[in-house]
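2 protein chains.
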Amino acid sequence: MARNGRRNANRPGRDGAVAQLPWRTIANPYAPLEILSADQLEAIHEASMEILEDIGIEFLGDDALDLLRRGGAAVDRASRLVRIDRGLVAEALRTAPSQVELTPRNPAHRITLGGNRINFSLVAGPPNVHDGLRGRRAGNYRDYCDLLRLAQSLNVVHCLGGQVVAPVELPAETRHLDCYLANVTYTDRVFNCSAIGAERALDGIEIAAIARGRTPDDLIESPAVLTIVNVNSPRRIDGPMGEGLIAMARHGQVVVVTPFTLMGAMAPVTLAAALAQQNAEALAGVVLTQLARPGAPVVYGAFTSNVDMKSGAPAFGTPENAKSILAGGQLARRYRLPYRSSNSSASNAVDAQAAYESQMTLWAAVMGHANLVYHGAGWMEGGLTVSFEKIVLDAEMLQMMTEVLVPIQVDEDSLGLDAIREVGPGGHFFGAAHTLARYETAFYKPMLADWRNFETWREAGGQTATQRATALWQRLLADYQPPPTDPAVAEALDAFVRRRKEEIARRAA
Amino acid sequence: MARNGRRNANRPGRDGAVAQLPWRTIANPYAPLEILSADQLEAIHEASMEILEDIGIEFLGDDALDLLRRGGAAVDRASRLVRIDRGLVAEALRTAPSQVELTPRNPAHRITLGGNRINFSLVAGPPNVHDGLRGRRAGNYRDYCDLLRLAQSLNVVHCLGGQVVAPVELPAETRHLDCYLANVTYTDRVFNCSAIGAERALDGIEIAAIARGRTPDDLIESPAVLTIVNVNSPRRIDGPMGEGLIAMARHGQVVVVTPFTLMGAMAPVTLAAALAQQNAEALAGVVLTQLARPGAPVVYGAFTSNVDMKSGAPAFGTPENAKSILAGGQLARRYRLPYRSSNSSASNAVDAQAAYESQMTLWAAVMGHANLVYHGAGWMEGGLTVSFEKIVLDAEMLQMMTEVLVPIQVDEDSLGLDAIREVGPGGHFFGAAHTLARYETAFYKPMLADWRNFETWREAGGQTATQRATALWQRLLADYQPPPTDPAVAEALDAFVRRRKEEIARRAA
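From first to last, the protein sequence lines stand for chains G and F. For the record, in the first sequence the residue sitting at position 211 is 225 according to my numbering, with numbers rising by one throughout. For the record, in the second sequence the residue sitting at position 410 is 424 according to my numbering, with numbers rising by one throughout.
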C-alpha cells in the first residue's frame, strides 16, 4: 500500500503553479475484472494455437525467418508463412520475464512493467497537433518540444511514447535522432525507440545509454527504452518491424508486441475471433523476441477495437474496445506477461465524447490490470492528432484513476467514532477536530474540474473544461523546469547525433 | 445471458428516428469489485453498530418514535435519540427482501431491484432546467412534461426519479398531484413518490394504482412505486421523511433509504468514518421500514461524496465518490439488500468534466453492483439543474455500459477460424462471409458519438458532442409517441386529482 505513496497531498506547487499529485509508483491493489470464464479463455487460447500451428503468420524479414527456422518453427520460404507449434510458444513463455524495470536518465523516474503496476505514457505517433489557440496543424519540431515540456511538467505521465507528433519538416532519415535528443533534453523519463528497422532502434538505445552515462552493453542488464512492434494484422510482421524487434531484443530492451486488430477490418467482426487472432499475433512476436535473446523483456500488447461498419472508420472507447481490453488482460496474465493497453477516443474535439470514450478505455485498462497504458495522455481523432488540451484532460482523469487505486484506510483513527459522537444530529463536521486535522489532504484536488456554484462560475467567465485546459497547459509550459543535465553528457549526446547525421548523409550521397 | 436480450441490434427506428438499443433487462454478469477487505468491511460494520447501539439516531417524528419503542429500541423521548441494538437490526434484515419487482402501468417496463440487475433512473429533484437553445431557467411544468417525454423516448431510462424538475409556478401543496399525473400520462415507467409526509406518498400510490386499474391494496403484493428517504445527516431522520417512509412501507412500496453523507460537511472527512455513518443511518431506516411492515421492500442507498474543502461546495464524480460507491455495494451485499447509487457530476456545463465525473460514478456503480443508478440521466451542477443535453449524453453512456455487460460470446462460430484462414496476411475482413453475415449488428451503434474523420466532421459543421446532443433531444421529442391510455383510466386519474386538489384547497381555506 505504501507503494502508492503517502496520502494524496496534492503538491501545492510554486506560487500559482498548477496543483498536481506528486510522482508516484502506481499499483492496482484490487482484483482484475475477469470478463471471460476459464473455459472461454482456454477456447481463445486453443484457437490462437490453431492459428499459429496450422494457419501461420507471415514474416517478411529474412532475419526473422532465419531465427524462426533455427528455433524450430516450420518456415515456408516461398510464402514466408511460419507455423509455430505450442512447444515453441511454451519455451518462449518460459524465458520471457513477467516483469521488467526500465531506468531513464533520472533513476527516480524508473518504471516497472508487470505485476499490478500501472504506468501511463504520452500519446505516440500522431501526424497532426492541435490546441485551442492555434488550431490544427501538421506536426513540427517546435510543437514536439513543447509537448515534451508539457509531459515533463505532469507527474502522472510516467513515460513518453513514440514520437508525440511527427516533426514533418525535418528530414525523414534523421528525424528520429532529433526526436531522441529532444526526449533526453526536455524530459528525464523513459522513452520509446522507433522499431522501423534496426538502425533507428540502435540509435535510440545509444542515446538512452549516453544520457545515463552508460554504454549500450550496460543497458542489457538495465533496460532503458521500449518500442512498439505493431503487427500488420492480419498475420503479418513486416520486414523493418521484425528487424527492429530483433535489434531491441538482442540488446535487452523492451519490445511491446501489439497486433493492430480493428474488428471488421484487420480482424474478424466477432470479439472471440479478433482476440484469438490478436493472441496468435502477439505470441508470434513474443516467440521471436525469445529466439533473438532468451529472457529479453517483452510485453503483450492489445489494441483490439472495432470499425464503424457504415464507413470503415476506426472507433475507439467503444463497448467492444472496453471488453477486448479486459479480455486481453486475462490473456496476458495467462502467459504471465506484462500487459499493454491504450487510452483512446475517436472524437474530433476535446469534448464530452473525448472524455467518455477515454474513460471507457481507462477503466477497462485499470480493471484489466494493464501495466502500460499507452497513449495515456493527449490522443484524439483516433490517433491522428495530439492535443494540448487533451493532455491536460487526460492528466486529470489519470490522476483520478490513481486516487481510486489508493486503498481505503480503515482503522480506529479513520473510523472517527469520536467525531461522529461529537457532532450532533443535523449538525456539521466543518469544525470538528477530526476534520481540521485532515482537511488539507483528505480529498483529491482537481487540476481541471471546476466545483464552484453556477453563479460564481458564470461570473468568472463560464468556461468549459476544454477552455480551462487551454489556460492550464499555458501555465504548465510557463512553469516548465528542464531536468538538469551534466554538460559533458549534453556534449556527448550532441556529438553522437552529429556523427550519426553525417553518416546517414554520406550514405545517402 | 439471455437476460440481456439478443445481440445488440440497435433499433433502426422509424424513418430518420434516433437509433438506440431496445428496452432490455440489464444484468451484470461479472463479479463485483471488492474495494474493502473482509476485515475492513467488518470493522465498518462494527463501527456502525456502535453508532446505532451507543451514539444513537435522532427521529423527529412521533410515529417513528412509537414504532421504534414498541419494536424494542431504546427511545429517549426528550432528545428523540434512538438506540437500536444489533439484534433489532438482524431481525429487520431477516424480513427485508433481497429483491423486489416494481410494475408500472406498462408491465413490459417492469424493473427488478436486487441480485445482479441494474436499472437507470431519470434525474430527480433539480430546481433548474437547462438546454442549449433556451439557456438556464427555473423549473416549470412545461419543461417537466417535455423531460418526461424525452425519458419515455429513451429505452435505457428504466424508471423516473422524483420530480425531474420542480414546476415552481404550480401551487406547492398540490404540485405533487400534477407531477404524478404527468408521470402516468407521458410515460409508462415506474415513478417515484415524494416521501415528504404520508399524504404525498399515499397520493402517489393511489395514482399508480389507478393507472394500473388496481387499488392501493392490490399494490401491496405488487409494488409499483418507490421513494427516496434522505437521512438528514448526520444521524437525523426528520418528521415528514419518517412519516413518508412509514406510509410507503405500510403499503408495501419501495423505500430507498439514502443518507446524505457529504464527507467533510454532513459526515466525517475520512472514508471509513463516512461509510460507518452512512451504514448506521441506512440501517436505521431499514429497521423502521420493517417495524412498519415486516417484509416491506427497502433498498440500501448510498450517496457518500466529498465537499471541496476550500469552499464547502459539494463535489461529485471524485475518486472518493467512486470508492464510496464501490464500498457501499459491499455493505449492501453484506446485508443482502438491493443497492442504490447515483450518476453524478458537479460540472456547470455539459462538457468533458460532466462526462468524466459521470463516468467515474457510472463505472463504480456498475462494478459495485448497484441495482438502481439513480439520477442516471440528466444530472448536472451537483443536482441543481437538469439538462436536456446531459440526458442525451447520459443515455449514450448508459447504453455503452449495458453493452459492456453483454458477455463475450465464445463458440466455434464466433471464433471464426474459417474467416481467419480465408483472409491472407495483410488483407482485410470487410468482404469476408463471416463479416457480411454479422456486420449490421456486430457493434454498438452510438447515438451521440461522431466517428467521421476530421475533414468530414469539420465540413459538416464541426459540432461538439454537446451541440449534437441539442439536435438529438429535439429529434427525440419530435418523434415522441405517448403511451396508449384507456380513456376510462384517464378519466379516473383526472377525477382523483380533481378531488384531491379540492380537498387540499378546502383544508387550506
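Glycine included, C-beta positions come from ideal geometry on N, C-alpha and C.
Report back the beta-carbon spacing between Ala212 (chain G) and Ala222 (chain G) to the nearest angstrom; my notes put them in contact at under 8 Å. The pair is not a contact, with the Cβ atoms about 16 Å apart (cut-off 8 Å).
Are there 16 or more other CB atoms within 10 angstroms of the CB of Pro118 (chain F), so buried, or fewer, so exposed? When all chains shown are included, Pro118 (chain F) counts as buried.
Compute the Euclidean distance between the alpha carbons of Tyr370 (chain F) and Asp408 (chain G), then round it to the nearest angstrom. If you take the alpha carbons of Tyr370 (chain F) and Asp408 (chain G), they lie about 10 Å apart.
For Cys207 (chain F), does the three-state DSSP call read helix, strand or coil? Coil.
When you compare the CB of Ile58 (chain G) with every CB in chain F, is at least one pair closer than 8 Å? Chain F, which has a Cβ nearer than 8 Å to the Cβ of Ile58 (chain G), makes this yes.
At least three beta-carbon pairs within less than 8 Å, the region 138 to 152 of chain G to the region 385 to 405 of chain G: By the C-beta criterion, the region 138 to 152 of chain G is judged to be in contact with the region 385 to 405 of chain G, since at least 3 inter-stretch pairs fall below 8 Å.
I want to verify the contact list: residues of chain F whose CB lies under 7 Å from the CB of Arg435 (chain G), in sequence order. Those are Ile69, listed as they occur along chain F.
Tell me which residues share the same chain as Lys515 (chain G) and place their Cβ nearer than 8 Å to its Cβ, disregarding the 5 neighbours each side in the sequence. Closer than 8 Å at the Cβ level, and outside the excluded window around Lys515 (chain G), lie Thr188 and Leu191.
Contact check, Gly390 (chain F) vs Leu412 (chain F), beta carbons under 8 Å: Yes. Within cutoff.
Give, in chain order, every residue of the region 269 to 284 of chain G whose Cβ lies closer than 8 Å to some Cβ of chain F. If you check each beta-carbon in the region 269 to 284 of chain G against every beta-carbon of chain F, the ones closer than 8 Å belong to Met277, Gly278, Ala279, Met280, Ala281, Pro282, Val283 and Thr284.
Helix, strand or coil: how does DSSP classify Val418 (chain F) here? Shown here, Val418 (chain F) sits in a helix according to DSSP, grouped into three states.
Tell me, please, whether the CB atom of Tyr353 (chain F) is closer than 8 Å to any CB atom in chain G? No, its Cβ sits nowhere closer than 8 Å to a Cβ of chain G.
Using DSSP with H/G/I as helix, E/B as strand and the rest coil, what is Gly441 (chain F)? Gly441 (chain F) carries a coil assignment under DSSP once its states are collapsed to helix, strand and coil.
Kindly indicate if chain F contains any beta-carbon less than 8 Å away from that of Ile132 (chain G). It does not; no Cβ of chain F falls within 8 Å.
Can a CB atom of chain F be found closer than 8 Å to the CB of Arg38 (chain G)? Chain F contact via Cβ: absent.
Are at least three pairs of beta-carbons, each pair with one atom in the region 238 to 251 of chain G and one in the region 263 to 282 of chain G, less than 8 Å apart? Enough Cβ pairs lie closer than 8 Å, so yes.
Among G:Ala290, G:Gln367, G:Arg466 and G:Ala106, the one whose alpha carbon lies nearest that of Glu64 (chain G): It is G:Ala290 whose Cα lies nearest to the Cα of Glu64 (chain G).
Given this structure, state the Cα-to-Cα distance separating Gln54 (chain F) from Leu47 (chain F), to the nearest angstrom. Approximately 14 Å between the Cα atoms of the pair.
Under 8 Å, with one C-beta from each stretch per pair, do the region 296 to 306 of chain F and the region 251 to 259 of chain F reach the 3-pair mark? Cβ pair count under 8 Å is three or more, so yes.
Do you know how far the Cα of Glu60 (chain F) is from the Cα of Ala287 (chain F)? For Ala287 (chain F) and Glu60 (chain F), the distance between alpha carbons rounds to 11 Å.
Segment limits, beta strand (DSSP E) that includes Arg598 (chain G): Chain G is shown from 15 up to 523; residue 598 (chain G) falls before or after that span and cannot be answered.
Would you report the Cα separation of Pro333 (chain G) and Leu376 (chain G), rounded to the nearest angstrom? Distance between the alpha carbons of Pro333 (chain G) and Leu376 (chain G): 12 Å.
Locate the alpha helix (DSSP H) running through Thr480 (chain F), then write down its first and last residues. Unbroken alpha helix (DSSP H) run through Thr480 (chain F): Ala479 to Ala492.
Cβ shell of Phe317 (chain G) (< 7 Å), same chain only, five flanking positions each side left out: Excluding positions up to five away in sequence, the list reads Thr272, Pro273, Phe274, Thr275 and Ser356.
Do three or more CB pairs link the region 360 to 369 of chain F to the region 89 to 105 of chain F at distances below 8 Å? Per the Cβ contact rule, the region 360 to 369 of chain F is not in contact with the region 89 to 105 of chain F (fewer than 3 Cβ pairs under 8 Å).
Nearest to Leu345 (chain F) by CA position, among F:Glu183, F:Leu50 and F:Val32, is which residue? Nearest C-alpha to Leu345 (chain F) among F:Glu183, F:Leu50 and F:Val32: F:Leu50.
Distance check for Asp160 (chain G) and Arg151 (chain G), CA to CA, integer angstroms please. The alpha-carbon atoms of Arg151 (chain G) and Asp160 (chain G) are separated by roughly 14 Å.
How would you call Ala519 (chain F), buried or exposed, if buried means at least 16 neighbouring beta carbons within 10 angstroms? So Ala519 (chain F) counts as exposed.
Helix, strand or coil: which one does DSSP assign to Met277 (chain G)? The three-state secondary structure of Met277 (chain G), taken from DSSP, is strand.
Is Pro237 (chain G) helix, strand or coil when you go by DSSP? Pro237 (chain G) carries a coil assignment under DSSP once its states are collapsed to helix, strand and coil.
Based on the DSSP output, what are the partners of Glu72 (chain G) in its beta bridges? In DSSP, Glu72 (chain G) forms a bridge with G:Leu95 and G:Arg250.
The region 78 to 91 of chain G / the region 223 to 233 of chain G touching (three or more Cβ pairs under 8 Å): Touching, no.
Those residues which DSSP pairs with Trp393 (chain F) across a bridge: Looking at the DSSP output, Trp393 (chain F) sits in a beta bridge with F:Val400.
Tell me, please, whether the region 177 to 184 of chain G touches the region 417 to 435 of chain G by the rule of three or more beta-carbon pairs shorter than 8 Å. With a cut-off of 8 Å, the region 417 to 435 of chain G and the region 177 to 184 of chain G do not count as touching, because too few Cβ pairs lie within range.
Residues of the region 452 to 465 of chain F with a CB closer than 9 Å to any CB of chain G: list them in chain order, please. Answer in chain order: Arg452, Tyr453, Glu454, Ala456, Phe457, Tyr458, Lys459, Pro460, Leu462, Ala463, Asp464 and Trp465.
Does the distance from the CB of Asn133 (chain G) to the CB of Leu127 (chain G) come in under 8 Å? Closer than 8 Å, so yes.
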